[in-house]
Amino acid sequence: MEFAATGVFLFVLFLLLGSGVWVGLALLGVAFVGMELFTSRPAGDAMMTTIWSASSSWTLTALPMFIWMGEILFRTRLSEDMFKGLSPWMAKLPGGLLHTNIVGCTVFAAVSGSSAATLTTVGKMSIPELRARNYPEKMIIGTLAGAATLGLMIPPSLTLIVYGVTINESITKLFIAGILPGLVLALMFMAYASLYGIFSKDYKPTPEPEMSLLERVKNSRFLIPVIVLILIVIGSMYLGYATATEAAAFGVVGSMALAALQRSLTWTSFTQSLLGATRTSAMIALILAGAAFLSLSMGFTGLPRALASFIASLDLSRFELLMALLVFYIIIGCFLDGISSVVLTIAVVEPMIRQAGIDVIWFGIFIVVVVEMAQITPPIGFNLFVLQGMTHHEMNYIAKAALPMFGIMVVMVFVLIFFPDIATWLPENMRQR
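The working numbering numbers the first residue of the sequence shown as 634 and each following residue consecutively.
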């Protein structure tokens, strides 16, 4: 039965996705067919109950709040202020102002949670500035493509929220687990930019004018608002004063205050941010509802248990299992966005990792790094499409520029495997509320 169910699930799923049906509706359709063919339970009643249960989770309320916070900040002058504050300090490093792409994305990731929002916000300011200073085009695009994926890892991460809700794990712990790996990955990107600046013959940017220490410190005032916002959102969770949902509410209030201080909070920008957050939240909620129903349907067929037993019978080591999952997620990431990849597969993958004794918090960070790769791999790499719209280059050019960043992320996977404490130390030692 399990093999027949697998064939039906895959056939219907690829048929629906190939016909252009929304991912959430495709998941619901696959689950409905599975319930009708392989169980005696009424599919309609099961679907209504499951969708309500999946949509009424209190933990899930953090999702639209963090999305709204990112939408508000996207419409402020945050990118312009970050460039003014960061450029005096980055200019003298090997690689120069390329580091503003990486550090700027890291900073905005800490208040956004979205890779696309991070890329668009930082890119709309840095691309023209770096081009005007004669920085290599492929490095401008490559560093932006790679560093923008940090929006998926550094809290607040939408992907980690979805993962936590799906496996019923603490969102706060997952957020805290993403801090150190996110910073390590950012440092690896910066190391690459530095080495390029030192050894590449194509690196001939226009030198920046000299600035005194006092002038640099004075320019740093532009970073104060966003740093305060980061401390409020992440600090309140780490110190145990707020749950992820409460921290999201603080973030929305703080982002509105920041927009008001910058005089960029108008009725138009407010309504646009609210509508943008509503659209994104509704899309993710539909995917989660479809995934919950699909998990129920597969549970009735016994497919997850059978697959977990099959994997166990192969007697794979922990490392071999992780390598298989790495290849698996890279392949499906070429065709699905990150959130869809997680919710579509986690019902099958979760029993495997638990049976192998893999920490679910650590695995959440592992899967986010791999999903980050999907953002810059053709043909569906979303960051590549965003960059194509911003730079007007062909997709092949952008994908080649992002390829070194993909390699760095692969290295990061092995760093996580051999040094798991990078992801587990902070959540294990955080103050419990």
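Here a beta-carbon is modelled for each residue, glycine too, at the ideal position from N, C-alpha and C.
Open item on the list: Report the CB separation of MET1023 from ILE735 in whole angstroms; it is logged as a contact under 8 Å.
Closed with: Contact doesn't hold; Cβ gap of about 17 Å is too wide.
TODO: Would you identify the three-state DSSP class for ARG1066, choosing helix, strand or coil?
DONE: Confidence is the limiting factor: at ARG1066 the pLDDT is only 45, short of 50, which leaves the residue's position unreliable and the question unanswerable from this model.
TODO: Go through its chain and collect everything with a Cβ distance to ARG1066's Cβ below 6 Å, but skip five positions before and after it.
DONE: Note that ARG1066 has pLDDT 45, beneath the 50 cutoff, so the model's placement of it is unreliable and no number is given.
- [ ] List in chain order: all unbroken alpha helix (DSSP H) runs of 4+ residues lying wholly within the stretch 671–722.
- [x] 676–688, 695–707
Open item on the list: Rounding to the nearest angstrom, what Cα-Cα distance links GLY703 and GLY887 in this structure?
Closed with: Using only the alpha carbons, I get a separation of about 11 Å.
Task: Closest residue to ASP835 among HIS1026, GLU770, ALA765 (Cα-Cα distance) - done: GLU770
Task: Beta-carbon proximity list for ALA924, same chain, < 6 Å, skipping 5 on both sides - done: LEU660, VAL976
Task: Entirely enclosed alpha helix (DSSP H) segments - the stretch 965–1047, minimum 4 residues - done: 971–988, 993–1007, 1015–1024
Open item on the list: Assess contact between the stretch 710–729 and the stretch 842–861, defined as three or more Cβ pairs (one per stretch) separated by less than 8 Å. Is contact present?
Closed with: With a cut-off of 8 Å, the stretch 842–861 and the stretch 710–729 count as touching, because enough Cβ pairs lie within range.
TODO: Using a threshold of 8 Å, state whether the C-beta atoms of THR739 and LEU711 are closer than that.
DONE: no
Open item on the list: Using the Cβ count rule (16 or more neighbours within 10 Å means buried), how would you classify ARG708?
Closed with: buried
Task: Environment of LEU955 [buried if 16+ CB atoms lie within 10 Å] - done: buried
Open item on the list: Given this structure, state the Cα-to-Cα distance separating TRP685 from LEU649, to the nearest angstrom.
Closed with: 23 Å
TODO: Throw me the rounded Cβ distance for the THR751 and LEU783 pair, which I believe falls under 8 Å.
DONE: 7 Å
Open item on the list: If you measure between the beta carbons of ALA679 and GLU669, is that distance less than 8 Å?
Closed with: no
Open item on the list: Tell me which residues share the same chain as GLU762 and place their Cβ nearer than 7 Å to its Cβ, disregarding the 5 neighbours each side in the sequence.
Closed with: PHE716
Open item on the list: Please classify ALA875 as buried or exposed, where buried requires at least 16 other C-beta atoms within 10 Å of its C-beta.
Closed with: The residue in question, ALA875, is buried, as its Cβ has 16 or more Cβ neighbours within 10 Å.
Open item on the list: Looking only at its chain, what residues have a beta carbon closer than 6 Å to the beta carbon of GLN895, apart from the 5 residues adjacent to it on each side?
Closed with: Setting aside the 5 residues that flank it on each side, GLN895 is surrounded in the same chain by THR709, ARG710, each with a C-beta closer than 6 Å to its C-beta; the list follows chain order.
Task: Burial state of GLN988 (16 or more Cβ within 10 Å) - done: exposed
Open item on the list: Considering only their Cβ atoms, is the gap separating ALA980 from LEU921 smaller than 8 Å?
Closed with: no
Task: Rounded straight-line distance, which links the Cα of MET823 to that of GLY737 - done: 12 Å
Task: Collapsed DSSP secondary structure at SER845 in the structure displayed - done: coil
TODO: Whole angstroms is fine: what's the gap from GLY779's alpha carbon to ILE787's?
DONE: Between the alpha carbons of GLY779 and ILE787 lies a distance of about 14 Å.
Task: Residue environment, ILE1000, which counts as buried when at least 16 other CB atoms sit within 10 Å - done: buried
Task: Residues of its chain near PRO838, where Cβ-Cβ distance is below 6 Å and the 5 sequence neighbours each way are ignored - done: GLY729, ARG766, ASN767, TYR768
Open item on the list: Let me check understanding here. Comparing Cα to Cα, which of SER973, THR978, ILE986 lies closest to VAL949?
Closed with: It should be noted that the sequence gives Leu, not Val, for residue 949. For LEU949, the nearest C-alpha among the options comes from ILE986.
Open item on the list: I'd like to know whether the C-beta atoms of ILE1031 and ILE773 end up nearer to each other than 8 Å.
Closed with: no
Open item on the list: Considering Cα atoms alone, identify which of ALA1035, ALA1034, VAL1019, PRO1053 is closest to SER748.
Closed with: VAL1019
- [ ] Mind checking which residues open and close the alpha helix (DSSP H) that includes ASN734?
- [x] Looking at the DSSP string, the run of the alpha helix (DSSP H) that includes ASN734 is 731–745.
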